[in-house]
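**Q**
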Amino acid sequence: MSEPRAVGFLHIPKTAGMSVRAALLEHYPAHQVGNIRYDERLFGPFTEWHTFAPSLRAETLLPSDPTPPTDGQRLQLGHISLPGLQRLVPGDRILTVLREPRARLLSHHLYWAVRPVEQNEAFGTYQVQRFAQRGLRAFLEADAAAHQHDNLQCRMLVHEPALIPADRPIPEARHAEVAALAIEAVTRLGLVSIVEDPAMWQQLSEFVGRPLQHVRTNVTEASDAPVAFAGPQLDPATVALVEARNGADLILYHHVARVRLGLDAAAVMAFANHQFVSQAERYGRVTAGVSTTTAPAAPVPAA
Numbered sequence: 015m016s017e018p019r020a021v022g023f024l025h026i027p028k029t030a031g032m033s034v035r036a037a038l039l040e041h042y043p044a045h046q047v048g049n050i051r052y053d054e055r056l057f058g059p060f061t062e063w064h065t066f067a068p069s070l071r072a073e074t075l076l077p078s079d080p081t082p083p084t085d086g087q088r089l090q091l092g093h094i095s096l097p098g099l100q101r102l103v104p105g106d107r108i109l110t111v112l113r114e115p116r117a118r119l120l121s122h123h124l125y126w127a128v129r130p131v132e133q134n135e136a137f138g139t140y141q142v143q144r145f146a147q148r149g150l151r152a153f154l155e156a157d158a159a160a161h162q163h164d165n166l167q168c169r170m171l172v173h174e175p176a177l178i179p180a181d182r183p184i185p186e187a188r189h190a191e192v193a194a195l196a197i198e199a200v201t202r203l204g205l206v207s208i209v210e211d212p213a214m215w216q217q218l219s220e221f222v223g224r225p226l227q228h229v230r231t232n233v234t235e236a237s238d239a240p241v242a243f244a245g246p247q248l249d250p251a252t253v254a255l256v257e258a259r260n261g262a263d264l265i266l267y268h269h270v271a272r273v274r275l276g277l278d279a280a281a282v283m284a285f286a287n288h289q290f291v292s293q294a295e296r297y298g299r300v301t302a303g304v305s306t307t308t309a310p311a312a313p314v315p316a317a
């Protein structure tokens with residue numbers, strides 16, 4: 015049997031990436047897997063890289079770092095932005111997976127809020143989880159955490175510092191422009207899928223050239239123990255913030271979902287709203303004393 019295709023997996027946080035990673039690693043021996051797991055994009059304006067644990071710093075590719083050798087490496091994967099990953103593998107061999115943005119953000123907040131202290135020690139002075147532990151609204155209102163909570167899917171795909179500030183949310187007036195650049199970027203990739211597509215695993219298998227098996231790995235909600243926050247997390251004002259922090263990502267997601275699912279704009283909006291409400295209900299079960307929203311989300315501008 016021939017080897018699986020040489021690919022790069024752009025792992026956007028909370029998009030079933032750990033399951034995809036586990037499935038891919040079943041088909042690539044360790045010596046064929048690159049060791050880069052991060053680049054600078056996921057850390058926003060952070061610059062104190064010298065405080066990282068040496069092993070973590072070795073896995074982090076900064077713009078000033080020389081491109082590491084990739085000879086013999088057939089799989090690159092990690093929380094690496096598109097420009098960073100393209101230093102390691104051609105764009106037409108890159109795959110990524112998107113998720114309904116508001117649902118993804120709720121899951122991402124929980125990831126940081128429940129992350130054990132010992133797991134953060136390797137990140138030195140980068141301690142963004144402190145904002146998440148204060149509750150969802152505090153997390154979304156913290157400009158210092160904008161690189162984590164604001165339109166993260168577009169941020170991982172587009173490098174335009176003039177449009178996408180690292181230290182604050184993208185202005186609403188720029189959402190459509192940023193989304194258009196992200197849509198252009200994904201059209202050049204080898205594969206872009208969405209978590210909610212029943213055909214996702216088949217698409218990944220065909221792209222890699224191996225039958226990938228779904229491996230269930232939920233690192234955020236594996237425990238039934240509630241997370242104690244002070245008061246309801248999804249009150250109307252906070253739901254509005256969730257919407258605001260996903261304006262560009264929603265345009266991108268709706269575009270890809272229309273293509274992947276073969277639905278019209280209205281059907282995709284209804285589908286996305288259902289995904290958001292379902293995740294809000296799960297979020298409410300994990301957080302203590304939380305009232306979840308069941309109201310339809312606000313309309314999203316057409317791409």
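Start counting the sequence shown at 15; every next residue gets the next number (our numbering). Ideal Cβ placement from N, Cα and C applies to all residues, glycine included. Note that the structure is a prediction, hence the values are computed from the model and not measured.
(1) How should LEU99 be labelled, buried or exposed, when 16 other C-beta atoms within 10 angstroms of its C-beta is the threshold for buried?
(2) Below 6 Å CB to CB, which residues in the same chain sit around ARG188 once its five sequence neighbours on both sides are set aside?
(3) Taking DSSP as the reference, what is the three-state secondary structure of GLN90?
(4) Under three-state DSSP, which class holds ASP85?
(5) For GLN141, is the classification buried or exposed, using 16 other Cβ atoms within 10 angstroms of its Cβ as the cut-off for buried?
(6) Work out the CA separation of THR74 and ALA146 for me, nearest whole Å.
(7) Check the C-beta distance from MET41 over to ARG230 and give it rounded, since I have them as a contact under 8 Å.
(8) At 3 residues or longer, what runs of the beta strand (DSSP E) sit wholly inside the segment 201–230?
(9) Counting only the same chain and skipping the five closest in sequence on each side, list residues whose C-beta sits under 6 Å from that of ALA236.
(10) Considering GLY298, what are the terminal residues of the alpha helix (DSSP H) in which it resides?
(11) Would you call the segment 87–106 and the segment 45–56 in contact, with 3 or more CB pairs under 8 Å?
(12) From ASP278 to THR65, what distance separates their C-alpha atoms?
(13) When burial is assigned at 16 or more other CB atoms within 10 Å of the CB, is LEU24 buried or exposed?
(14) Within 10 angstroms of the Cβ of THR61, are there 16 or more other Cβ atoms? Answer buried if so, exposed if not.
(15) Counting Cβ pairs closer than 8 Å, one from the segment 153–168 and one from the segment 253–263, do we hit at least three?
(16) Would you check if the segment 117–129 and the segment 79–93 touch, i.e. whether three or more CB-CB distances between them fall below 8 Å?
(17) Which runs of the alpha helix (DSSP H) at least 4 residues long sit entirely within the segment 137–190? Give them in chain order.
**A** From the atom records:
(1) buried
(2) LEU177
(3) strand
(4) coil
(5) exposed
(6) 23 Å
(7) Inspection of the sequence shows that residue 41 is occupied by His rather than by Met. Between ARG230 and HIS41 the Cβ distance is about 18 Å, and since that is not below 8 Å, they are no contact.
(8) 205–208
(9) Residue confidence is low: ALA236 scores 42 on pLDDT, short of 50, so the model does not pin down where it sits. No coordinate-derived value is stated.
(10) 279–300
(11) yes
(12) 49 Å
(13) buried
(14) exposed
(15) yes
(16) no
(17) 143–146, 150–155, 160–163, 166–171
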